Amino acid sequence: MDGTFSQLVMLGSSGMLLTALIVLWRKGIPAYVTAYRWQAWLLAAITGTVAYYGRDPRLYWVAALLLALKGAAIPALLGTMQRRFGAQREATPYVNTETSLVIASLLVLFAYVLARPWMAVTDLPTRQGLPLALGLLFVSLFIVVSRKKAITQVIGFLMLENAIALLAAVGTRGVPLLVELGVFLDALMGFLVMQIFVYHIHETFNTIDVEELARLRH
Amino acid sequence: MPFGNLALLVMVVGYAAGACLSLLAPSDRAARWLTTIGAAIGCIGGVAAASSVLATRVSVDATLASLVSTAGGIVIHLDLLGAFFLLLVAALGLPAAVYGIAYTAEYEGRHSLRVFGLMFNGFLLGMSLVPCAGNVFTFLFTWELMAIASYFLVMTESEKRDTRQAGLWYAAMTHLGLVLLLPMFFLMAGGSEATAFADLRTTAAALTPGTRHIVFVLALLAFGSKAGIVPLHVWLPRAHPAAPSHVSALMSGVMIKLGIYGLVRVTFDLMSGGPAWWGGLLLAVGCVSALLGVLYALMEHDLKRLLAYHSVENIGIILIGLGAGSILHAQGLPALAAIGFAGALFHTVNHACFKGLLFLAAGSVMQQTHTANMEEMGGLIKRMPQTALCFLVGSVAIAALPPLNGFASEWLVFQSLLAGTSIQRPEIAVGFPIAVGMLALTSGLAAACFVKAFGISFLAMPRSNHAAQAREAHWSMRATMILLAGGCVTLGLAAPLAVRGLNRVIDSVPGLSAGEPLPRSPGLWLVGPGGSAQVSPLLIAVLLGAIALAVLVALHARGFQVRRADTWGCGRISQTARMEYTASAFAEPLRRVFTALYRPTEDLSVGVHPDSRYFVQSITYTSQVVPWFETAFYDPVTRGARGLAAQVRRLQAGFLHLYLLYVTVALVAALAVAWWFK
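Taken in sequence, the protein lines are chains A and B.
Residue numbers for the first sequence follow the numbering used here, so the first one is 7 and each next one is one higher.
Residue numbers for the second sequence follow the numbering used here, so the first one is 606 and each next one is one higher.
In structure tokens:
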């Protein structure tokens, strides 16, 4: 039974990492929103799996909350934002697609290296997900650093937050509802604030390229 | 709960309540009152705790081990030495706080009195807890609390450019001190993890002489930067004038004394004294500070800057006492040394009293005349008679004239120096007379300086409209000044009693104590070494009073009457304030004498009539004295710091992505390092 459990977790974590990689090779913002929605569903599914196999009914609540907030509410808000700015494309990122994918693979390798001592000391059935969660964390950070459009960066941040939630789910048999709630609200607040900033950037500079912010200095 | 602990608790709760409540006060007026009420309760608690320790000789201990337990927790250990300084803080804190009610009234609507209340109480709390600290963490924590709160107090009037610069200097110097304190404590601990002062006493005793020397030099520099020894005094003449006057009184009266406390605690208590050259260094630094302090004070026409330079001078006198004492102690003459130590500690009290008084009086004057420039004052004795009298008492005390308190302590310091001249060691036999000379010159110049300060500010005719329209200060401000003036007189008259009390404190500190009970001096007399010299301030006062009374009686018997008329004006029809003797003119002869030191820049431009150069139309004369060693020493340092800051500023390029990259790289690097060194 543990075998199925770890296989399922591994599958879900890999899927989440894959959705992050989508952001690196696609250029249209709508695709990013879709990728994020899938990632959130996968996260909810993993949490549900942990709840089922770990016999922790409270985690079902966490999963439901994840599904409602990250799987539905935030993608809907992102969709509104994206429609408002019209057809925006991540036309010229700082790092081109090919190099981005190479760097992402290196980051995932690094994550595997980092996670090795950790995996050696733990006997959690979910430990196979640890390097993938770390890899997702690095890739999301890389998205934030290398992409120019503000919406892409917001999505990168949200994926980073998903990575942390995934790390918590696979590294600790799921965190209590209270902690999860705190993190949710934190991320939601962060998202709302960023949304306001993106609107302001758009109003001020008529674009959502954060590069333009450099003009604010002096 | 024992009385001492209860009093300490009242003190902390009082300050904390004053800080929090004034922050939440509904109005500025309420904030002023809450600030003072909290501070007053705290000060009363502090006085009670300190007096109980001084009276019973039983120390007060309290521990909060669970708070910051990794650093050893908060440990309170109030012994006699600490109680002495706590008494100083609390006793000056009370009048300063009361003075603040009326003094800060003019800040209403201009500055945030709520934040001021928080910082004022935080400052008092920090200063009160520094002498109570019983381990390194508590000491450093309260030391920083005091430094940070006082920084914000200095910055109260931050809309002025001078104030912001003063704040920068102050922050830089106070942090320099902290940076030196850390390695000092680190070296003293000698590798052990125990950081209680009691443990440090043991570990410091086991250090090699070389390490002990380094610890001493670090302590002198670190605490000296707080006390204001030359050349680390640069922040004093900048920060004291910038702060509100009752804060200046506290900073100058007690905060810089906590530098002396730290020095005594580390050098004479934790390390229980050292070789003679430590005392020699203290003596040399003290002489230089005293003389340079008073020389630069003479050139100042800004009342508060003048007082600030006098703080440097008085810190110098305290260090002379400590230095002479520790040289004598190292020579095996502890009974003589005790006179120097008593002089130093007594001068600490006295300086707190008269300098607090002078700053408060200067504040009252400035509040009325809206300037600190003496050249725009004058004639204030008619308009503010009580303030003038208080300032006069303070001036007489700081000029060390009998029978006031400054005289008693400086006399003791002199006696300890004179005692040293008989020691058959060439460096002492030469060094002590030089020190005597420098101290004597300092005292004389200080008297001249206060003739100038009092005469130009309070006598003759008003030199500006503001001075002409000055009114007496609010009664609460006058009351605190009169209280402190009374303190100066009492400490002077009761000097022998005070010294007897101080001997208790000296006995409790290993590096200061004589190891044997000191001879009890007869009731009314201050006694010099070996009983060869003795003086009684009380009898001097009685004598002076009798002479004054006799003169009055004699004049009355001759039918003397007060006659009011214009000042004799050499036959001129009208007299204006422009004809008065100015502060610059008063200081001019001394500036000539010490030209080599001052290196003044002078600029004289004479405007003549186009037709004949014998018809002078205007003369403009400006002269500036900029302490040359400050520019010589600090300019390269500030230039270097600025250059470095400009380099660091390149990090802030303005690109959001770059900043995000910093975060990412830092995270990945931290993880990689952790992995590498697993």
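Just so you know, even glycine gets a beta-carbon here, dropped at the ideal spot from N, CA and C.
Quantities reported herein were computed from a predicted structural model and do not represent experimental measurements.
- Contact between the segment 1018-1038 of chain B and the segment 920-938 of chain B is established, with three or more Cβ pairs separated by less than 8 Å.
- Taken through DSSP and simplified to helix, strand or coil, Ala738 of chain B comes out as strand.
- According to the DSSP secondary-structure assignment, Gln1139 of chain B is paired through a beta bridge with B:Val1132.
- Looking at the backbone, the Cα of Pro880 of chain B and that of Val998 of chain B are separated by about 40 Å.
- Residue-level contact by beta carbon holds for Thr1269 of chain B and chain A, with a gap shorter than 9 Å.
- DSSP places Gln13 of chain A inside the alpha helix (DSSP H), whose first and last residues are 8-31.
- Assignment of Gly937 of chain B by DSSP, reduced to helix, strand and coil, places it in the coil class.
- Close to chain A, meaning a Cβ-Cβ distance shorter than 7 Å, are the following residues of the segment 1239-1264 of chain B: Gly1259, Phe1260, Leu1261, His1262.
- Interface criterion met: the Cβ of Ser152 of chain A is under 9 Å from a Cβ in chain B.
- Sorting B:Met856, B:Leu685, B:Thr747 by C-alpha distance to the C-alpha of Arg662 of chain B places B:Leu685 at the top.
- For Ala670 of chain B, no Cβ of chain A is located within less than 9 Å of the residue's own Cβ.
- Any Cβ of chain A closer than 9 Å to the Cβ of Ala1277 of chain B would place that residue at the interface, and such an atom is present.
- Listed in chain order, the non-local C-beta contacts of Gln1020 of chain B below 7 Å within the same chain comprise Ile944, Gly1133, Pro1134, Ala1138, local neighbours out to five positions each way being set aside.
- Straight-line measurement puts the Cα of Ala827 of chain B at about 8 Å from the Cα of Val784 of chain B.
- Here Ala913 of chain B is not near Ser969 of chain B, since their CB atoms are 9 Å or more apart.
- Contacts between Trp1280 of chain B and chain A, judged by CB atoms closer than 8 Å, involve Val119, Leu120, Pro123 in chain order.
- For Asn102 of chain A, the three-state secondary structure derived from DSSP is coil.
- Here Leu683 of chain B carries a strand assignment [DSSP, helix/strand/coil].
- CA-CA distance, Gly678 of chain B to Ala1153 of chain B, rounds to 60 Å.
- For Asp633 of chain B, the uninterrupted alpha helix (DSSP H) segment begins and ends at 633-661.
- Per the coordinates, the alpha-carbon of Gly885 of chain B lies some 25 Å from the alpha-carbon of Met778 of chain B.
- Rounded to the nearest angstrom, the Cβ distance from Thr132 of chain A to Ser12 of chain A is 6 Å, consistent with a contact under 8 Å.
- Only residues of its own chain outside the window of five on either side were considered, and among them Lys831, Ala832, Gly833, Ser916, Ile920 have a CB closer than 7 Å to the CB of Ile861 of chain B, listed in chain order.
- Under a 10 Å Cβ-count criterion, Arg221 of chain A is classified as exposed, with fewer than 16 other Cβ atoms of the shown protein chains found around its own Cβ.
- Annotation: the continuous alpha helix (DSSP H) that includes Asp1240 of chain B extends over 1233-1254.
- A contact between stretches requires three or more CB pairs, one per stretch, nearer than 8 Å, and the segment 149-162 of chain A meets this requirement with the segment 80-100 of chain A.
- Runs of alpha helix (DSSP H) with 4 or more residues, each lying fully within the segment 92-178 of chain A, are found at 103-127, 135-152, 156-178, listed in chain order.
- Buried is the label assigned to Ile681 of chain B, since at least 16 other Cβ atoms lie within 10 Å of its Cβ.
- Residue pairing for Asp1112 of chain B: DSSP places it in no beta bridge.
- Fewer than three beta-carbon pairs drawn from the segment 1240-1257 of chain B and the segment 1210-1223 of chain B are found closer than 8 Å, and the two stretches are therefore not classed as touching.
- Annotation: Pro137 of chain A to Phe144 of chain A spans about 11 Å, alpha carbon to alpha carbon.
- DSSP places Leu1209 of chain B within a strand segment (E or B) once states are collapsed to three.
- In the three-state reduction of the DSSP assignment, Ile1224 of chain B falls in the strand class, which pools E and B.
- If you look at Ala1013 of chain B, you'll find it in the alpha helix (DSSP H) that goes 1010-1025.
- Burial is judged here by how many other beta carbons sit within 10 angstroms of a residue's own beta carbon; Ile1039 of chain B has fewer than 16 and is exposed.
- Listed in chain order, the alpha helix (DSSP H) elements of length 4 or more contained wholly in the segment 942-995 of chain B are 985-988.
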